[in-house]
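This report concerns only the one structure given below.
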Amino acid sequence: MVLKIKKTYIFLTAVFVLIISAFLYFVPMITSAEEKTGTPIPIIMYHQITKKSSRKGKYTVMYDEFRNDMMYLKEKGYTTIDMTDLIEYVYGKGKLPEKPIIITFDDGFESVYEYVYPLFKELGMCGVASIVGEYTTFFTENPDHNVTYSYMDWAEVKELVKGDIIEIQNHSYDLHKNNNGRKGISKKKDEDAASYNTEVGTDIMKMQNIMKEKTGYTPNTLTFPFGAYKEETIALAKELGFKATLICEERVNIIERGDTDALYRLGRFNRPSDISTERFFADILEN
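So for the sequence shown, the working numbering puts the first residue at 16; every next one is plus one.
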């Protein structure tokens, strides 16, 4: 009798363990599915586009590679959108295409105007260029339109703003640097909130104001230099009126209408040179 009870106990225990194990296995799957009910928005990050092979590297892509990337996206049925398209969708205005993607360009290199702008005109595409105010001002005051290393000037930026091909966003005025304990616009280790908001906020608003003065347009997105940020950076961006921020974490963003908070940590994939288009996009795009 005792043996029979013991066997029954072992059997019931085993069944209980199996039920619990199954529950723990399927709950993450359900949660994961729920988390991915929105629209996937891959964002690709470029910097410099070149036609000189000696300059290609992690942040500099050959023009032919870039063109191949864009042709590949079109062949796969992707439609480029800009940050305003995305923001308006989240805030309840407009629609997104079936397979949206955002193409970004950091720093404001001359190659955006020289190479990207005419190519996007040809292909019917659009992109987002986040410029550094100090760079743009310097090359306005010291004209040097060498596509190998120059940055766009304010006249070129204004021309882009007037169209709907290259959208311009804020990449700080003069904080695209890593010194004195601050990386980009992130908070220093022992910096108090008031000092941080004043110093960084002043620089960012200087960029907003000069953009308005030079082009008549005010950016709605803050692109963090180096992708560096802390929670204080997100809070400051919101306080200053930005509707979205771009970082450098490599992941596809899942966007839902009404989820405005998701706009403040938009991940991007950096596009280096010497990787085939197919290989680069293999783990980014939907199969």
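Quick reminder that beta carbons are idealized off the backbone N, C-alpha and C, glycines included.
It is roughly 14 Å from the alpha-carbon of T248 to the alpha-carbon of L281.
V76 and T65 have their alpha carbons spaced roughly 6 Å apart.
Taken in chain order, the complete alpha helix (DSSP H) segments of 4 residues or longer contained in the region 123 to 176 are 132 to 138 and 148 to 156.
Of the candidates E264, R294 and S68, the residue whose Cα lies closest to the Cα of T163 is S68.
Just measuring C-alpha positions, the residue of D276, Y211, N235 and A243 sitting nearest I262 is A243.
With distances taken between CA atoms, M226 lies nearest to E171 out of N157, E265 and E171. Each residue's CA atom was taken as its position, placing D205 and G199 some 16 Å apart. Here H186 is not near V131, since their CB atoms are 8 Å or more apart. Within the same chain, and ignoring the five residues on either side of Y166 in sequence, the residues whose Cβ sits closer than 8 Å to its Cβ are D122, G123, F124, E125, I146, V147, Y150, T151, F153 and F154. Rounded to whole angstroms, the gap between the alpha carbons of V127 and F81 is 11 Å.
Within the same chain, and ignoring the five residues on either side of G196 in sequence, the residues whose Cβ sits closer than 6 Å to its Cβ are K203. Sequence-distant Cβ neighbours of I180 in its own chain, meaning closer than 8 Å and more than five residues away, are Y132, F135, K136, M140, C141 and G142. Counting of Cβ neighbours within 10 angstroms places P115 among the buried residues, the total reaching 16 or more. In terms of Cβ geometry, L88 and I56 do not form a close pair [threshold 8 Å]. Counting the other Cβ atoms within 10 Å of the Cβ of R294 gives fewer than 16, which makes it exposed. In this structure I270 touches T54 by the C-beta definition: roughly 5 Å separates them, less than 8 Å. Taking a contact as a CB-CB distance under 8 Å, the pair T260 and Y279 counts as one, their CB atoms being some 5 Å apart. When DSSP states are grouped into helix, strand and coil, K198 belongs to the strand group. Counting the other CB atoms within 10 Å of its CB gives N235 a total of 16 or more, which places it among the buried residues. Checking the DSSP bridge columns, you'll see P55 partnered with I269. Residue environment analysis places E182 among the buried positions, since at least 16 neighbouring C-beta atoms fall within 10 angstroms of its C-beta.
In this model, H191 and K221 are separated by some 14 Å (Cα to Cα).
For P240, the secondary structure class from DSSP, reduced to helix, strand or coil, is helix. Looking at the backbone, the Cα of Q63 and that of R70 are separated by about 9 Å. For E182, the enclosing beta strand (DSSP E) stretches over residues I181 to N185.
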